[in-house]
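Participant: Chains as they are written, first to last, in the working numbering: chain A, 1 to 358; chain B, 359 to 766; chain C, 767 to 1060.
All C-beta atoms, glycine included, are put in the ideal place defined by N, C-alpha and C.
From a predicted model like this one, the values you see are computed outputs, not experimental measurements.
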Amino acid sequence: MLKNMKKSTKSNCITLGIVIGFFVLIQILSAAGLLTNSFSGQLVPICAYVILAVSLNLTVGMLGELSLGHAGFMSVGAFSGTLVYVVLSDSAPKPLVMLLAFVVGGVVAGLFGFLVGIPVLRLSGDYLAIVTLAFGEIVKNVMNACYLGVDSHGLHFSLKDSASLNMEVDGKVLINGAMGITGIKKASTFTIGIVLVIITLLVILNLVNSRAGRAIKAIRDNEIAARSVGIPITKYKLMAFVTSAVFAGVAGVLYALNYSSLVAKKFDYNTSILILVFVVLGGIGNLRGSVIAAAVLTVLPELLRSMNDYRMLIYAIVLIVVMIFNQSPEMIALRKRLTARFHKEGEGDKAKEKKGVA
Amino acid sequence: MKKLVSSVLAASMVMSLAACGSTASTDTAASSEASSAASTAATTEAAGEGSGAYTGTPIKIGGIGPITGGAAIYGQAVKNAEELAVKEINAANGSDVFEWKFEDDEHDAEKSVNAYNTLKDWGLQVLAGPVTTTPSIAVAAETANDNLFMMTPSASAPAVIESGDNVFQICFTDPNQGVASADYIADNKLGTKVGIIYDSSDAYSSGIYEKFKAEADVKGLEIVTAEAFTADNKSDLSTQVAKCQEAGADLVFLPIYYQEASQILIAANKSGYTPTFFGCDGMDGILTIEGFDTSLAEGLMLLTPFAADAQDEKTQAFVSAYKEAYGDTPNQFAADAYDVVYAIYQAAVAGGINGDMDASDICEALKAQFTSTTFDGLTGEGMTWDASGAVSKAPKAVVIKNGAYAAM
Amino acid sequence: MQFLSYLINGISLGSVYALIALGYTMVYGIAKMLNFAHGDVIMIGSYVVFFAFGSAGMNPVLAIVLSMVVCTILGVTVERVAYRPLREAPSLAVLITAIGVSYLLQQVAQLAWTSNPKSFTSVVTGLQPISLFGGQLTISAETVVTIIACIVIMAALIWFVNCTPAGHAMLAVSEDRGAAQLMGVNVNATISLTFAIGSGLAAVAGALLCSSYPTLQPTTGAMPGIKAFVAAVFGGIGSIPGAFLGGILLGVIENLSKAYISTQLSDAIVFLVLVVVLIVKPTGLLGKKVNVKV
């Protein structure tokens, strides 16, 4: 049966299989009590980063546009979803509230994606990158100065300080500027995370392999050619951009509900860049690579903890070395030659030929 | 009844402290006579051999803080001071009291929870951290879940201790500092028109600012302007200074850390603006910035629990030991962290805690100790804690004169 | 009057951004890569000046020259080791490597010099601030020196690029790398030279940045680096006068929004203006419009 499958379907099944296999493995290890606290504590963030990497890959890999503001979408999603969760968590059953939080987070992030997308997608290349970076920084700065409270008169909002909310004594501050939202009851679980990862993968894999996905990739490969055959550029660009934003928002909610405090500072350009690193290291346009790279690179700094002060130094060196090893044309050729030695002679000749061409 | 219990506990603490010969306290201004007697006894014995008051299995104590990234100065200070305190205690005791480990969190909630989980894998029993506010709030929720005793040296927001009754602070809470500063300024009539420059992207700074403002209104201080800066636009603070000058502020309140404060002093000097500057505990350290012209800080007032050049024996011993080991002058983060370890030590000995006990039992015993006894440390005499975990100690006001702190 | 004083503060900040942006734009224009590590080279340069001038008491000009030498060697080494192997790889790969280099430099600085802040002694010594309107308005000597340095460097760069063989080689590489190579231009050497110049400029920028805003930490270069990058894009990245104009405008907008709108939201306003400018003029203020040929 596997043989009759289309190549893309087979590849998709492998990707989903990896995710489900990982889930089953963790469940078994957890039941056997072999899971360390350190690792089990990272499971939810891993899921969140996987969703972020996969969704960013849609923009960077499939659409071919560099976005440095993915954390901005994560931020608006996280804040709106968490707000819903905090406000409603006492008045409705928990699964329902969580579902609502994810939906709201995704929708709000998608809305921002749409609003940012319309003007921004007129630009391309590095100019688009800088505008998305600007978007992320605007979100961070505004959320850092954002005060929201609720009392018997309803909602109060200020961009100055919590004293200017002018609330009654019974008022409760929901978002407290740089302090963000505090006192969130931890709600994210690994199971929810994995379900969201699978939903994300299903939606994005389907989109990529659909008619729309082929149009998006055509735009990436040659925008002018795509336009000339009548593909509505703006529509498909927006479709990819908004979908990407929606899942970033969902991942933001998943991430935020895993900790008791949520601050805007977390979602700065460093986080955007971190997600981009996952995508590039996993292979641009390769969704399975994104999944693996996000998981591995989230765990890596934790594994380096025994290095103490040298931890981030080693992380930086690993990043540079892996990039050169993976992407440099000379290294790729060298790798091919090395692998060829272990294979049949015929393949070795091919590799040599390729090197000659390059 | 409560009094009886506490005096019994205090007495037991006295016995153990007197026996252990730690370098605990030398001052006699402690709240109860008993503990001051203990301190004196301790000092006399400090010179002699450690007599091994603690004989049980070592307690695993862990610290968390940023030792890489932008907030690394605070984490490094805490890490060094905790290490120093643990070494001193172990040496004085003869056998190991503590096994200690410190993990990096890069000033990030996610990394901080990861660090906490890593420490749990190591067998953590008591947590002396995290250092910064946002990570502390996230970790506090985790420790409350596990019922593991946590005492933060420096995360001063009220939200940190709201997570559970197992979470304690040794630093002033932000509201406490804001109110105390406003009271001090109003009572001593230091200024009539107050300007404020604070870091709106920082939980510590904005927390103090808000309480200061509220208290200033109560006390009838006139706030002429409140200017913010953020972590991203703090390289240039001259506009904020110019706005205070324009508003005619004769006192500028700076609830910020010393590196930004040094920039404000330089900017004010450039534009010939000379109000009274008044800071909080984050200001401590301004005299130790390498290359900083300390004459600019002349007349700067600050409320701080710790001053590195204080003349008392305890502070001097700490500062010289710290300098010798790490080559830096310790700041108030270091002093707070040093106190945390000693406070936990005192409580552990008094509460009969042993490393064989599980973390939750240790937590209960420490909770009982901390809510019933007093502690004398570098950052305050006669510190007490209420059930919420907030510390009560008196801030000291100092003014910088001739490049050194002087009491006011 | 107050407005003028804010404006001068803005120009002073802007001149520092402009100086950093010149280095950014050089490297981008010729090597076509966003060198995210530029801000960290600035930080290293500042530390060199701090120790040579502030601690060892060297002559300020000599200290800056020493720092330029160190930064040039650093820049060329980084280019040789980390960027050159990726010359033919996708541009994103180089971007990520540059980010890795940025982390690396920050970590090295932290391990070498600790994260304790240092207060930088201004390299501008012996000059009096300019006083206008009977002392109501002062322009600091640092600002004057920074602006002069900016203009001199800008003029020198324009002359170098347009009037020397090496500059022509740069233009050729920037226009079409493959064709330049075919015409006998040594692409690797040209790009190395670009990095050398860019990094040397970073040393000057670092000394003047820290003279005006004296807190020096391993993270000092990061945010000004990003802002300068924004400034370079604002003015039209790759354009030398554009970087100058973009830097000054960015500083002025930032300071005026601090003065009149909100100190908390000044960065949001700066970025918003950037977005608006790019939407109206997608290649920045002075950027060239490149027509895509099919």
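1) Below 8 Å on C-beta distance, what does residue 302(A) contact in chain B?
2) Opposite residue 755(B) in the DSSP bridges: which residues?
3) For residue 355(A), which residues from the same chain have a beta carbon less than 6 Å from its beta carbon, with the 5 sequence-adjacent residues on both sides left out?
4) Quick check on DSSP: helix, strand or coil for residue 225(A)?
5) Does any CB atom of chain C fall closer than 8 Å to the CB of residue 647(B)?
6) Give the DSSP-derived three-state secondary structure of residue 401(B) in the structure shown.
7) Against chain B, with Cβ distances strictly below 8 Å, would residue 53(A) count as a contact?
8) Counting only C-beta atoms, is residue 930(C) closer than 8 Å to chain A at any point?
9) For chain A, check one thing: does any of its Cβ atoms lie closer than 8 Å to the Cβ of residue 583(B)?
10) Give the residues of chain C in contact with residue 122(A), contact being defined as C-beta atoms less than 7 Å apart.
11) Quickly, what does DSSP pair residue 151(A) with across the bridge? List them, please.
12) Is residue 759(B) buried or exposed, if buried means 16 or more other CB atoms sit within 10 Å of its CB?
13) Closest to residue 603(B) by CA distance: which of 627(B), 593(B) and 561(B) is it?
14) Have a look at residue 721(B) and residue 810(C) and give me their C-alpha separation to the nearest angstrom.
15) Quickly, what does DSSP pair residue 527(B) with across the bridge? List them, please.
16) Can you confirm whether the segment 634-649 of chain B touches the segment 591-602 of chain B when touching is taken to mean that 3 or more C-beta pairs between the two stretches lie within less than 8 Å?
17) To test your reading of the DSSP string, which unbroken beta strand (DSSP E) runs of 3 or more residues are found completely within the segment 151-221 of chain A?
18) Give me the Cα-Cα distance between residue 1044(C) and residue 998(C), rounded to the nearest whole angstrom.
19) Residues of chain B with a CB under 9 Å from the CB of residue 873(C): which are they?
20) I'd like to know whether the C-beta of residue 628(B) is nearer than 8 Å to at least one C-beta of chain C.
21) Three or more C-beta pairs under 8 Å: does that hold for the segment 1012-1026 of chain C against the segment 959-970 of chain C?
22) Report the CB separation of residue 587(B) from residue 610(B) in whole angstroms; it is logged as a contact under 8 Å.
23) Thinking C-beta only, is residue 8(A) closer than 8 Å to residue 209(A)?
24) Counting only Cβ-Cβ distances shorter than 7 Å, please list the residues of the segment 221-234 of chain A near chain C, keeping chain order.
25) Against chain C, with Cβ distances strictly below 8 Å, would residue 756(B) count as a contact?
26) Around the C-beta of residue 13(A), are 16 or more other C-beta atoms found within 10 angstroms, so that it is buried, or is it exposed?
27) In three-state terms, what does DSSP make of residue 715(B)?
28) Give every residue of the same chain whose Cβ lies closer than 8 Å to the Cβ of residue 203(A), excluding the five residues on either side of it in the sequence, and list them in chain order.
29) Distance check for residue 860(C) and residue 414(B), CA to CA, integer angstroms please.
30) From residue 720(C) to residue 1029(C), what distance separates their C-alpha atoms?
31) For residue 485(B), which beta-bridge partners are listed by DSSP?
32) Are residue 146(A) and residue 113(A) close, meaning C-beta to C-beta below 8 Å?
33) State buried or exposed for residue 659(B), treating a residue as buried only when at least 16 other CB atoms are found within 10 Å of its CB.
34) Tell me which residues of the segment 1015-1047 of chain C have at least one Cβ-Cβ distance to chain B shorter than 7 Å, keeping chain order.
35) When the cut-off is 8 Å and only beta carbons count, does residue 855(C) lie next to chain A?
36) For a contact meaning CB atoms closer than 9 Å, what does residue 512(B) contact in chain A?
Facilitator: Let's see:
1) Working through the first sequence from its first residue, we reach residue 302(A) at position 302. In chain order: 472 and 476.
2) Counting from one through the second sequence, the residue named residue 755(B) turns up at place 397. For residue 755(B), which the question treats as bridged, DSSP gives the partners 661(B).
3) On the first sequence, position 355 is the one that residue 355(A) refers to. With a pLDDT of only 44 at residue 355(A), under the threshold of 50, the placement of this residue in the model should not be trusted, and no figure is reported.
4) Position 225 of the first sequence holds residue 225(A). It is helical.
5) Within the second sequence, numbered from 1, the residue matching residue 647(B) stands at position 289. Cβ-Cβ to chain C under 8 Å: yes for residue 647(B).
6) Taking the first residue of the second sequence as position 1, residue 401(B) is located at position 43. With a pLDDT of only 40 at residue 401(B), under the threshold of 50, the placement of this residue in the model should not be trusted, and no figure is reported.
7) For this step, residue 53(A) is matched to residue 53 along the first sequence. No - not a single Cβ of chain B is within 8 Å of the one on residue 53(A).
8) Against the third sequence, residue 930(C) aligns to sequence position 164. Closer than 8 Å: no.
9) Along the second sequence, read from residue 1 onward, the residue named residue 583(B) stands at position 225. Chain A, which has no Cβ nearer than 8 Å to the Cβ of residue 583(B), makes this no.
10) Along the first sequence, read from residue 1 onward, the residue named residue 122(A) stands at position 122. Near residue 122(A) (Cβ distances below 7 Å), the residues of chain C are 1045 and 1048.
11) Residue numbering aside, residue 151(A) sits at position 151 when the first sequence is read from its first letter. Answer is 154(A).
12) Counting from 1 along the second sequence, the entry for residue 759(B) is found at position 401. Its Cβ having fewer than 16 others within 10 Å, residue 759(B) is exposed.
13) Here residue 603(B) refers to the residue found at position 245 when the second sequence is read from its first residue. Nearest option by C-alpha distance: 627(B).
14) For the purposes of this step, residue 721(B) is taken as the residue at position 363 of the second sequence. For the purposes of this step, residue 810(C) is taken as the residue at position 44 of the third sequence. Looking at the two C-alpha atoms, the distance is approximately 46 Å.
15) In the second sequence, counting from the first residue as 1, residue 527(B) sits at position 169. Answer is 510(B), bridged to residue 527(B).
16) Counting Cβ pairs under 8 Å, fewer than three are found: no touch.
17) Here the runs fully enclosed are 154-158 and 172-176.
18) Reading the third sequence from its first residue, position 278 is the one you call residue 1044(C). Reading the third sequence from its first residue, position 232 is the one you call residue 998(C). In a straight line, the C-alpha of residue 1044(C) is about 12 Å away from that of residue 998(C).
19) Position 107 of the third sequence, counting from 1, holds the residue named residue 873(C). Near residue 873(C) (Cβ distances below 9 Å), the residues of chain B are 426.
20) Start at 1 with the first residue of the second sequence, and residue 628(B) comes out as number 270. Judged by the 8 Å Cβ criterion, residue 628(B) is in contact with chain C.
21) no
22) Start at 1 with the first residue of the second sequence, and residue 587(B) comes out as number 229. Start at 1 with the first residue of the second sequence, and residue 610(B) comes out as number 252. Actually they do not touch by this definition, with Cβ atoms about 13 Å apart.
23) To locate residue 209(A), count along the first sequence from 1; it is residue 209. To locate residue 8(A), count along the first sequence from 1; it is residue 8. Going by beta carbons, residue 209(A) and residue 8(A) fall inside the 8 Å limit.
24) 224
25) For the purposes of this step, residue 756(B) is taken as the residue at position 398 of the second sequence. No - not a single Cβ of chain C is within 8 Å of the one on residue 756(B).
26) Counting from one through the first sequence, the residue named residue 13(A) turns up at place 13. That one is exposed.
27) The residue labelled residue 715(B) in the question sits at position 357 within the second sequence. Residue state, collapsed to three classes: coil.
28) For the purposes of this step, residue 203(A) is taken as residue 203 along the first sequence, with counting starting at 1. Counting only Cβ-Cβ distances below 8 Å, and skipping sequence neighbours, we find 243 and 247.
29) Translated into positions along the second sequence, residue 414(B) becomes position 56. Translated into positions along the third sequence, residue 860(C) becomes position 94. Residue 414(B) and residue 860(C): Cα-Cα distance of roughly 56 Å.
30) A question about residue 720(C) goes unanswered here, because the residues of chain C that appear run from 767 up to 1060.
31) Taking the first residue of the second sequence as 1, we reach residue 485(B) at position 127. Answer by DSSP bridge pairing, in chain order: 420(B) and 508(B).
32) For the purposes of this step, residue 146(A) is identified with residue 146 of the first sequence, where counting begins at 1. For the purposes of this step, residue 113(A) is identified with residue 113 of the first sequence, where counting begins at 1. Cβ distance not < 8 Å, so residue 146(A) and residue 113(A) don't count as in contact.
33) Locating residue 659(B) in the second sequence gives position 301, where the first residue counts as 1. Classification for residue 659(B): buried.
34) 1020, 1021, 1024, 1025, 1029, 1030, 1032 and 1033
35) The residue given as residue 855(C) occupies position 89 in the third sequence. Residue 855(C) counts as touching chain A.
36) Position 154 of the second sequence, counted from the start, is the residue given in the question as residue 512(B). Those do not exist, as residue 512(B) stays about 16 Å from chain A at its closest Cβ, beyond 9 Å.
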